[in-house]
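Inspection log for the structure reproduced underneath, given as structure tokens.
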């Protein structure tokens, strides 16, 4: 009979981590980031809890990763540890072990429950080359539309869906590194509507030309309030 794998001890502590993807590191795929983060954990000598089975791996849970190519100030993951550590110490160790551009912003002890369930919506800023008058007019036309059907290639092939339905709020602003920007809150769901889907919806509904390589930055991610604000998923602490 094949020998049964060793059963690993359960975690004694769980920590939730908020990190940022900045600059050129926004082109890091989720798979590349997970590899880099595991290497950082090893370099930092953080005592991780491991999964059971024939191929044990460190227990790291990722939630709500941003699309490749977009920057973010609000990415989240959860670590399961084999020893109890001070969250502030883990913050320093991880930040020192990750490359510049993948920056740890906050580490807190998990109060329990599902981190993914708290990530109900995201607020994005999309920097555009279009002038503010053009962008503002396109926003008005988009919000007035009943739907904005766009297409995107998925793992299951080309799929059409309504980008308008996920938009909680959308506004044009001059607070941008370019000519104008969009401030948009997107409700998470299935299929997941991304900021580039909103740009395609604006092109379909209002003929908006966003210019070359618009910069998409996730500003926040968390629970969605009744007023349409995106909250802090780390606010409830043990």
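Numbering (our numbering), first residue to last: 1 to 238.
Heads up, the beta-carbon is just placed ideally off N, CA and C, and yes, glycines get one too.
Below 8 Å on the Cβ atoms is my guess for residue 221 versus residue 119; work out the distance and round it to an integer in Å. Position 221 of the chain shown, counting from 1, holds the residue named residue 221. Position 119 of the chain shown, counting from 1, holds the residue named residue 119. The distance from the Cβ of residue 221 to that of residue 119 is about 5 Å, consistent with a contact at the 8 Å cut-off.
According to DSSP, simplified to helix, strand and coil, what is residue 195? Looking up residue 195 in the chain shown gives position 195. Reduced to three states, the DSSP call for residue 195 is helix.
In or out: residue 43 buried (at least 16 other Cβ within 10 Å) or exposed? Position 43 of the chain shown holds residue 43. Looking at its Cβ environment, which holds fewer than 16 other Cβ atoms inside 10 Å, residue 43 is exposed.
Closest to residue 223 by C-alpha separation, out of 178, 168, 181, would be which residue? Stepping through the chain shown from its first residue, residue 223 is reached at position 223. The residue with the shortest Cα to Cα distance from residue 223 is 168.
Every unbroken beta strand (DSSP E) inside the stretch 54-114 [3 residues or more]: Qualifying beta strand (DSSP E) stretches, in chain order: 60-63, 71-81, 102-109.
For the 8 Å Cβ check, are there 3 or more pairs between the stretch 153-161 and the stretch 172-185? Three or more beta-carbon pairs separated by less than 8 Å are not found between the stretch 153-161 and the stretch 172-185, which leaves the two stretches without contact.
Is residue 7 near the ligand SAM - that is, is its Cβ less than 7 Å away from at least one heavy atom of it? Looking for the ligand SAM in the displayed structure turns up nothing, as the structure carries no ligands at all.
Pick out whichever of 64, 38, 82 has its Cα sitting closest to the Cα of residue 95. Walking along the chain shown from the start, residue 95 turns up at place 95. If we check each option's Cα against that of residue 95, 38 comes out closest.
Would you identify the three-state DSSP class for residue 143, choosing helix, strand or coil? Mapped onto the chain shown, residue 143 falls at position 143. Helix.
Reference residue 149; option with closest CA among 198, 210, 11: Position 149 of the chain shown, counting from 1, holds the residue named residue 149. Out of 198, 210, 11, 198 has the C-alpha closest to the C-alpha of residue 149.
Does residue 35 pass the burial test, meaning 16 or more other C-beta atoms within 10 Å, or should it be called exposed? Position 35 of the chain shown, counted from the first residue, corresponds to residue 35. Its Cβ having fewer than 16 others within 10 Å, residue 35 is exposed.
How big is the Cα-Cα spacing for residue 9 and residue 16? Along the chain shown, read from residue 1 onward, the residue named residue 9 stands at position 9. Along the chain shown, read from residue 1 onward, the residue named residue 16 stands at position 16. Approximately 20 Å between the Cα atoms of the pair.
Candidates 41, 70, 234: closest to residue 29 by CA position: In the chain shown, the residue the question calls residue 29 occupies position 29. Taking only the C-alpha atoms, the option nearest residue 29 is 70.
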